[in-house]
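Colleague: Quick one: this structure, given as structure tokens, is what I'll be asking you about.
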Amino acid sequence: MLLFIGIPTEPPVAMAIHAAEKAGIPHVVLDQRTMHFCNLSIGFVNNKLKASLQLQDKDYPLEKFSGVYFRMMEYNSMPHTDPQSLQYMGAGNVKKSGLLHQQLLYWMDITRLRILNPPWSMGSNMSKPYQAQLIREAGFKIPPTCITTEKQSLLAFREKHPSLIYKSISAVRSIVKEFTTADEKMLNKIQYLPTQFQQKLNGVNIRVHVVGDVLFATRIDSEVTDYRYAGRENKTATLSATVLPKKIQQACFTLSKQLGLTLCGIDLFLSAGNEYYCFEVNPSPGYSYFQNNSGQDIAGAIARWLYYGTAKTK
Amino acid sequence: MYTLIFCHANDGVAHALYDALFQKKERKLRLVTDAALSFASWLHEADSNGVFFTRIRLHDGFIIEPGMIGALVNRIAYFPMPHFIEQTDRQYAEMEMVALYTSFLYSIKDKVIDGMPVRHINTSDNTLYYYAHAVKAGIDVLDNQFTSSPRWQHPKKMTALVPEKKENLLWHKKSPSLVWENKPVLYYEPFSTLVKVEVVADQFFYGDKMVNAKKAGRVSIKFSGQFQQKIKSFSKLTGRTVYELTMALAGSKYKLYAVNTRPLLLSAAAIEAFAALIIKKIKN
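Keeping their order, the protein sequence lines are chains A and B.
So for the first sequence, this note's numbering puts the first residue at 926; every next one is plus one.
So for the second sequence, this note's numbering puts the first residue at 6; every next one is plus one.
Here's what the structure looks like:
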């Protein structure tokens, strides 16, 4: 049996649940918004891990599940935890929900079950330049990068790479923006906080979703710098399934394995010089956008991998 | 080659380590606080080969570059960024600074002692994570159970350790088997003694002082040679070099109760071993 944890109507969670239903895979869903109605028991007795979940009046020994897909919001960002919200569930429930969220994450860090993805594996997402070093070690090129508080250092970097983009380096999501002449006026501000600049490459974005032993490559044709926000600029992004060279496929599997991210969204870039760069690896990919636009059955692969231990179709 | 100790200002271990190294005639030595790093000038640049170079210019003009570092002891876990007034800006700045620092330490990882935890942010607080590794390393762990429901009544021998209010404590005494639906409880196997074990690489140190809430006294403790092997294995699994274990005596066995990866104080013997470890690292 599979366990899905998250907000069941959120597209990636909904699609994975639907895929399990379609494949006849038994599963239960834990809606994190109603976590306070569940109960949990986790601990070590005689040096052995014991964990149970009570969900809708049924007890499930957690270690008996074949796999867990989780995609949880920060519990304290949910409206249910906000006293000003109509959905507020009360202080006691908020506290209980928080503790249960925390304990479930702790358990997922140590269980031997198939988890997409264990929380520990998501650490590299906290530092993009750290992750870039791991990406390089897996055999990919990374774009020339300058993270600095020094205006002079940035200008020297710009001499070498006239076309630049800038973006955040932590797990905080930011819109990738091109560095323009208008931005030069703000350059004095970088002295307060190191800021990341990268060479802007010309070519095509390719998003790769690795699910265990299979991968899906999606080509994105768009004229905007950050295709995720093409709509905001009244532009479009066209997605289509593509096939990567064997060597690049292998490097994607190696990277997924090295990071411990059995499910991941790898942002590749095929440059005009026909070289593959890797920008970053997303440990909890919102794959639904790519599945909806390219027709690739990523959700099916997730359900299969969690249940059978392989994402390949029989 | 310099020995750098990066630490929070209130870090007793870092200051004691600095003194120990100074007494051993180490003069290329520098203690750098989190605030000094937050307000420093940074350059962290990767060329077309993807190799990162870092230059940190402190406000007194001291420049840190990879080539001058013999060893770097990291005692920093977070960066306060007080110059950002708005809370959301400050939180963002703190996360960005940690991200940069993590990458910098990784780029010189062979010189770093106890880098930033690069696993999920939860891991460092996750006692279960340390228990699981302790079990793998052959160290017994204290029986424990987090529970939120009376469906799973705790074993009778266990006692609730974290009733948050006095009245809760009274209730637990009166009805030890009662678990409230909305008051999750963490139970531990009863124990009589707690012993702090300080670990520095493959050495460990502990006093003979008994710590007991009611009847303090002294006991003589001896851990077996096998214990050293187990600790070595635990250090390897958790990737830590200097840390503190709290062992609890339950029945006739010492079992792991807690792990502190950044103790703020260590014994003189442990500091001495820490200093020797650094000197060995510089010479190598």
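Backbone N, C-alpha and C define an ideal beta-carbon position, used for all residues, glycine too.
Can you give the Cα-Cα distance for residue 60(B) and residue 72(B), rounded to whole angstroms?
Modeller: If I take the Cα positions, the gap works out to 10 angstroms.
Colleague: Sorted by chain position, which residues of the same chain lie with C-beta nearer than 7 angstroms to residue 47(B)'s C-beta, five sequence neighbours on each side aside?
Modeller: 61, 105.
Colleague: Taking only three categories from DSSP, how would you classify residue 33(B)?
Modeller: Three-state result, residue 33(B): coil.
Colleague: For a contact meaning CB atoms closer than 9 angstroms, what does residue 92(B) contact in chain A?
Modeller: By Cβ distance, chain A contributes nothing, its closest Cβ being about 14 angstroms from residue 92(B), past 9 angstroms.
Colleague: Since residue 146(B) meets chain A, which of its residues come closer than 7 angstroms, beta carbon to beta carbon?
Modeller: The contacting residues are 969, 972.
Colleague: Which of the residues in the segment 1026 to 1038 of chain A, read from start to end, lie with their CB under 8 angstroms from any CB of chain B?
Modeller: Listed by position along the chain: 1027, 1028, 1030, 1031, 1032, 1034, 1035.
Colleague: How many angstroms separate the CA atom of residue 939(A) from the CA atom of residue 964(A)?
Modeller: Cα to Cα, the separation comes out at about 23 angstroms.
Colleague: Identify which residue in 999(A), 974(A), 1092(A), 1108(A) has its Cα closest to the Cα of residue 133(B).
Modeller: Ranking the options by Cα distance to residue 133(B), first place goes to 974(A).
Colleague: Which residue wins for smallest C-alpha separation from residue 141(B), given the options 960(A), 1188(A), 969(A)?
Modeller: Per the Cα distances, 969(A).
Colleague: For the segment 987 to 995 of chain A and the segment 1046 to 1055 of chain A, state whether three or more C-beta atom pairs, one from each stretch, are separated by less than 8 angstroms.
Modeller: They do not touch, by the three-pair rule.
Colleague: Which stretch, first to last residue, makes up the beta strand (DSSP E) that contains residue 12(B)?
Modeller: Its beta strand (DSSP E) spans residues 7 to 12.
Colleague: Below 7 angstroms CB to CB, which residues in the same chain sit around residue 267(B) once its five sequence neighbours on both sides are set aside?
Modeller: Taken in chain order, the residues that qualify are 80, 82.
Colleague: In chain order, which continuous runs of the alpha helix (DSSP H) of length 4 or greater are located wholly inside the segment 1054 to 1122 of chain A?
Modeller: For the segment 1054 to 1122 of chain A, whole alpha helix (DSSP H) runs of length 4 or above, ordered along the chain, are 1076 to 1085.
Colleague: Enumerate, from N- to C-terminal direction, the unbroken alpha helix (DSSP H) stretches of 4 or more residues contained entirely within the segment 939 to 1019 of chain A.
Modeller: Here no run is fully enclosed.
Colleague: Looking only at C-alpha atoms, which of 948(A), 1151(A), 1066(A) sits nearest to residue 1238(A)?
Modeller: Of the candidates 948(A), 1151(A), 1066(A), the one whose C-alpha sits nearest the C-alpha of residue 1238(A) is 948(A).
Colleague: Let me know the secondary structure DSSP gives residue 280(B) once reduced to three states.
Modeller: Helix, per DSSP.
Colleague: Is the segment 1030 to 1045 of chain A touching the segment 1007 to 1020 of chain A in the sense that three or more CB pairs, one from each, lie closer than 8 angstroms?
Modeller: Segments in contact, no.
Colleague: Is residue 1221(A) helix, strand or coil when you go by DSSP?
Modeller: It is coil, neither helix nor strand.
Colleague: Could you compute how far the alpha carbon of residue 1147(A) sits from the alpha carbon of residue 1105(A)?
Modeller: Near 20 angstroms, if we compare the C-alpha coordinates of residue 1105(A) and residue 1147(A).
Colleague: 8 angstroms is my cut-off, CB to CB: does residue 149(B) come that close to chain A?
Modeller: Cβ-Cβ to chain A under 8 angstroms: yes for residue 149(B).
Colleague: Kindly give me the distance between the Cβ atoms of residue 16(B) and residue 269(B), rounded to whole angstroms, as I take these residues to be in contact under 8 angstroms.
Modeller: The Cβ separation is near 6 angstroms, so the contact holds.
Colleague: What does DSSP give as the partner residues of residue 260(B) in its beta bridges?
Modeller: In DSSP, residue 260(B) forms a bridge with 253(B).
Colleague: Note the first and the last residue of the continuous alpha helix (DSSP H) segment covering residue 18(B).
Modeller: Looking at the DSSP string, the run of the alpha helix (DSSP H) that includes residue 18(B) is 17 to 28.
Colleague: Closest to residue 979(A) by CA distance: which of 1136(A), 1029(A), 943(A), 998(A) is it?
Modeller: Ranking the options by Cα distance to residue 979(A), first place goes to 1029(A).
Colleague: Take the Cβ of residue 130(B) as the centre, count every other Cβ of all protein chains shown within 10 Å, and call the residue buried at 16 or more, exposed below.
Modeller: With fewer than 16 other Cβ atoms within 10 Å, it is exposed.
Colleague: Spell out whether any CB of chain B is found under 8 angstroms from the CB atom of residue 937(A).
Modeller: No, no contact with chain B.
Colleague: Going by the beta-carbon positions, is the gap between residue 250(B) and residue 205(B) smaller than 8 angstroms?
Modeller: Not closer than 8 angstroms, so no.
Colleague: Relative to the alpha-carbon of residue 190(B), which residue among 22(B), 150(B), 201(B) has its alpha-carbon at the smallest distance?
Modeller: Of 22(B), 150(B), 201(B), the residue nearest in Cα terms is 150(B).
Colleague: By how many angstroms is the C-alpha of residue 1003(A) removed from the C-alpha of residue 959(A)?
Modeller: One C-alpha to the other measures close to 11 angstroms.
Colleague: For residue 1087(A) and residue 1112(A), I'd like the C-alpha separation in whole angstroms.
Modeller: If I take the Cα positions, the gap works out to 15 angstroms.
Colleague: Within this structure, are the beta carbons of residue 152(B) and residue 76(B) separated by less than 8 angstroms?
Modeller: The answer is no: Cβ separation not under 8 angstroms.
Colleague: Based on DSSP bridge pairs, tell me the residues matched to residue 208(B).
Modeller: In DSSP, residue 208(B) forms a bridge with 205(B).
Colleague: Which residues in the same chain as residue 1181(A) place their Cβ atom closer than 6 angstroms to its Cβ, once the five residues preceding and following it in sequence are excluded?
Modeller: For residue 1181(A), where only same-chain residues beyond five positions count, the Cβ hits under 6 angstroms are 1135, 1189.
Colleague: For residue 1169(A) and residue 1183(A), what's the separation of their Cα atoms in angstroms?
Modeller: Approximately 20 angstroms, taken between the alpha carbons.
Colleague: Where do the ends of the alpha helix (DSSP H) carrying residue 103(B) lie?
Modeller: Its alpha helix (DSSP H) spans residues 92 to 112.
Colleague: By the 10 Å Cβ neighbour count, where 16 or more other Cβ atoms means buried, how is residue 278(B) classified, buried or exposed?
Modeller: The residue is buried, with at least 16 neighbouring Cβ atoms inside 10 Å.
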